[in-house]
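Read through the structure below, which is laid out as structure tokens, and then see the notes.
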Amino acid sequence: MSDATVASLSARRRVPPTVNEPIRSYAPGTPERASLKTRLASMATEHVDVPVIVNGKEYRTGDTAPIVMPHDHQHVLGTWHKATPELVQEAIATTAAARVEWSRWPWEDRVAVFLRAAELLSTTWRDTLNAATMLGQSKTAFQSEIDAACELIDFFRFGALFAQDLYGEQPVSEKGVWNQTDYRPLEGFIYAVSPFNFTAIGGNLSGAPAMAGNTVIWKPAQTAMLSGYYVMKLLEAAGLPPGVINFVPGDPIPISDALLSHRDLGGVHFTGSTTVFNSMWKTIGSNMGRYRSYPRIVGETGGKDFIMAHPSADVDSLAVAIVRGSFEYQGQKCSACSRVYIPQSLWAGVRDRMVAMMADIRMGDPRDFRNFMGAVIDERSFTKIGGYLDEARAAGTIVAGGEASKEKGYFVSPTLVKVDDPSHRILCEEIFGPVVAAYVYPDDQYVETMQIVDQTSPYALTGAIFANDRQAIRLAHTHLRNAAGNFYINDKCTGAVVGQQPFGGARGSGTNDKAGSKLNFLRWVSPRSIKETFVPPTSYPYPFMGEE
6 MSDATVASLS ARRRVPPTVN EPIRSYAPGT PERASLKTRL ASMATEHVDV
56 PVIVNGKEYR TGDTAPIVMP HDHQHVLGTW HKATPELVQE AIATTAAARV
106 EWSRWPWEDR VAVFLRAAEL LSTTWRDTLN AATMLGQSKT AFQSEIDAAC
156 ELIDFFRFGA LFAQDLYGEQ PVSEKGVWNQ TDYRPLEGFI YAVSPFNFTA
206 IGGNLSGAPA MAGNTVIWKP AQTAMLSGYY VMKLLEAAGL PPGVINFVPG
256 DPIPISDALL SHRDLGGVHF TGSTTVFNSM WKTIGSNMGR YRSYPRIVGE
306 TGGKDFIMAH PSADVDSLAV AIVRGSFEYQ GQKCSACSRV YIPQSLWAGV
356 RDRMVAMMAD IRMGDPRDFR NFMGAVIDER SFTKIGGYLD EARAAGTIVA
406 GGEASKEKGY FVSPTLVKVD DPSHRILCEE IFGPVVAAYV YPDDQYVETM
456 QIVDQTSPYA LTGAIFANDR QAIRLAHTHL RNAAGNFYIN DKCTGAVVGQ
506 QPFGGARGSG TNDKAGSKLN FLRWVSPRSI KETFVPPTSY PYPFMGEE
């Protein structure tokens, strides 16, 4: 027996008090602004060679791709190595070996690794993760701060709290019996697939299952390789044992083919497109006969997120919510507002305020802190968004914006489109860019328009209602109850905070397992019920069997 499997403390331990990480302002003259700018300048001159990391060992396969700045696509930040089929198989074997030890660690020792990572990120690693996200994913300082720093810190700290709370849930016991629940990790490895748009998501998709005692194969997005690599190095610096999380970048098709068909697949933790998630689910379904256990499938996918306004809404706050919700991080958030429904009486005021703000928005290199927007992530995204702009332009519906250029970076200006047909594809399909479509409805058709909102899109991720009339808010609760997994009243439809607004949607937006809550943590354990009888019976008859 390993020493690590022997209890060394006789105590009921509690994690430190858990609060959300304060957001730094990076305002002119602040020390954090100067420190971040220094790290941005140094990182821009570095050339990082990102390896495959399996069982704590770094492998450089020689099959590489460049890491570039989306806002300056000729500027190469580094290269990343693609995993070979042999390394993918090695990662599978590694998770099985590492699981034996890791799953036996007391939960307090497992979460201590992530609590230390949170503290490192809160202090000495903060500039590095923020700078990597700004340069590699074209996020502004504020957007990076709320993602790569604060949200990832919160995922780790609140994850420890969720573990403590879950493991503390135990059944009742009658006299002479001790009933217990053993929250076992899943049998097999977890396949974590993370997107480009949030650095924190990669840390959570791999970290949450690991905190529960699972071992993980993490495939980061190809367009978020720099920040993903630094998240992995942060976890190593915090003391994560080799093999618990394996960093396996590469071609998604052969990697997924190998992992999704393996008998030891324990679960999938995914954030990305609905199309890809549906394909993965189909592959898992076709392989059900070969798995050791039914894999847990957890996914957060697409969205066509809305803001619905009632005639009683405040015009100024509504316009600001649309601009921030639609154009922050270039509309590349799963929760970004991309369709709005405005009553006729408010349209002119909302439109004019939006157009004025959009004209004032600066777009460019995130190292210039005056910029509100950066570039979209890559040429593929740029081309897709451009197709929607062409369609809107042909229909003559662009109210403001609509420009795009990829000469230096993949820049798309913030765009407002007015659409008269509520079933138009620009109001129905996910664009994932800085384009918001507005539908103007008659003031007396509030309820009918909410029904359109509910039925227009296959998604149900986020949505918001703006109204000062309480009855209008009550009606929205009823008619839009299933239209969004995260619903906001008089606020933009983005900005969910770990521990405050657990995030996830249903319908075509995913399995709604609520990242940032105990509900998600529950998906990575397999409970075992234990009954211990202190004085077992020694005779088989029951009292009812006695003679009259």
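Numbered per this note's numbering, the sequence shown spans residues 6 to 553.
No residue lacks a Cβ here, since even glycine has one placed at the ideal position from N, Cα and C.
**Message:** What residue range does the alpha helix (DSSP H) around His274 cover?
**Reply:** Here His274 belongs to no alpha helix (DSSP H); instead the beta strand (DSSP E) covers Leu270 to Thr276.
**Burial state of Phe252, where buried means 16 or more other Cβ atoms lie within 10 Å** = buried
**Prompt:** Should Leu432 and Asp459 be called a contact, given that it needs their Cβ atoms to be closer than 7 Å?
**Reply:** no
**Ala511 - DSSP class collapsed to helix/strand/coil** = strand
**Request:** Using three-state DSSP, classify Lys423 as helix, strand or coil.
**Result:** strand
**Request:** Given a cut-off of 7 Å, decide if Thr89 and Thr66 are closer than it, judged by their beta-carbon atoms.
**Result:** yes
**Request:** Would you list the one or two residues that DSSP bridges to Cys342?
**Result:** Asp310
**Prompt:** Taking DSSP as the reference, what is the three-state secondary structure of Asn251?
**Reply:** In the structure shown, Asn251 falls within a strand segment according to DSSP collapsed to helix, strand and coil.
**Request:** Decide if Val452 is buried, meaning its Cβ has at least 16 other Cβ atoms within 10 Å, or exposed.
**Result:** exposed
**Asked** Which residue's Cα is closest to the Cα of Asp262: Met313, Gly248 and Trp286?
**Response** Trp286
**Asked** Which first and last residues belong to the beta strand (DSSP E) in which Arg329 is found?
**Response** Where Arg329 is concerned, there is no enclosing beta strand (DSSP E), although the alpha helix (DSSP H) it sits in stretches over Val320 to Phe332.
**Message:** Report the CB separation of Glu333 from Ala154 in whole angstroms; it is logged as a contact under 8 Å.
**Reply:** Their Cβ separation, rounded to whole angstroms, is 16 Å, which puts Glu333 and Ala154 out of contact at 8 Å.
**Request:** Could you check what DSSP says for Leu82 in three-state terms: helix, strand or coil?
**Result:** strand
**Request:** Output the residue ranges of the alpha helix (DSSP H) runs that lie fully inside the stretch 178-240 and measure 4 residues or longer, sorted by chain position.
**Result:** Qualifying alpha helix (DSSP H) stretches, in chain order: 204-216.
**Request:** May I have the straight-line CA-CA distance separating Ala520 from Phe549, to the nearest angstrom?
**Result:** 52 Å
**Message:** Does Tyr547 come out as helix, strand or coil in the three-state DSSP assignment?
**Reply:** coil
**Request:** Excluding the 5 residues preceding and the 5 following Met6 in the sequence, name in chain order all residues of the same chain whose CB lies nearer than 8 Å to its CB.
**Result:** Unreliable positioning characterises Met6 in this predicted model, as indicated by a pLDDT of 39, which lies under 50. A coordinate reading is not provided.
**Prompt:** Hey, how far is the Cα of Phe437 from the Cα of Gly414?
**Reply:** 17 Å
**Prompt:** If we count the other Cβ atoms within 10 Å of its Cβ and call it buried at 16 or more, is Ser47 buried or exposed?
**Reply:** exposed
**Request:** Within 10 angstroms of the Cβ of Asn517, are there 16 or more other Cβ atoms? Answer buried if so, exposed if not.
**Result:** buried
**Asked** How long is the line joining the alpha carbons of Arg358 and Val328, rounded to whole angstroms?
**Response** 10 Å
**Item:** Coil, strand or helix - Glu492 by DSSP
**Value:** A small correction: the amino acid at residue 492 is Phe; Glu does not occupy that position in the sequence shown. DSSP places Phe492 in strand when its eight states are reduced to three.
**Prompt:** Does the beta-carbon of His429 have 16 or more other beta-carbons within 10 angstroms, so that it is buried, or is it exposed?
**Reply:** buried
**Prompt:** Bridge partners of Lys62, per DSSP?
**Reply:** Val59
**Chain-order list of residues whose beta-carbon lies under 6 Å from that of Ala137 (same chain, five-residue window excluded)** = Leu231, Ser232 and Tyr235
**Item:** Length of the line joining the Cα atoms of Gly504 and Ile206
**Value:** Roughly 15 Å between the two C-alpha positions.
**Message:** For a minimum of 3 consecutive residues, which ranges assigned as the beta strand (DSSP E) are wholly contained in the stretch 416-480?
**Reply:** Every beta strand (DSSP E) of 3 residues or more that sits fully in the stretch 416-480 is shown, in chain order, as 420-423, 440-446 and 467-471.
**Asked** Does the pairing of the stretch 489-500 with the stretch 378-389 give three or more beta-carbon distances under 8 Å?
**Response** Flag = no, the stretch 489-500 and the stretch 378-389 do not touch.
**Prompt:** Buried or exposed: Ala229, going by 16 or more other Cβ atoms within 10 Å of its Cβ?
**Reply:** buried
**Item:** Neighbour-count burial assignment, Ser143, 16 or more Cβ in a 10 Å radius
**Value:** buried
**Prompt:** Three-state secondary structure (DSSP) at Lys389?
**Reply:** helix
**Request:** Taking only the alpha-carbon atoms, compute the straight-line gap between Arg17 and Arg104 and give it to the nearest angstrom.
**Result:** 24 Å
**Message:** By the DSSP assignment, the alpha helix (DSSP H) with Gly568 in it spans what residues?
**Reply:** Because the chain here runs from 6 to 553, residue 568 falls outside it and cannot be looked at.
**Beta carbon of Gly218 nearer than 7 Å to that of Pro190** = yes
**Asked** Considering Ala46, what are the terminal residues of the alpha helix (DSSP H) in which it resides?
**Response** Pro36 to Thr50
**Item:** Same chain, Cβ closer than 7 Å to Leu126, five either side skipped, listed in chain order
**Value:** The answer, listed in chain order, is Leu134, Ala154, Leu157, Ile158 and Leu239.
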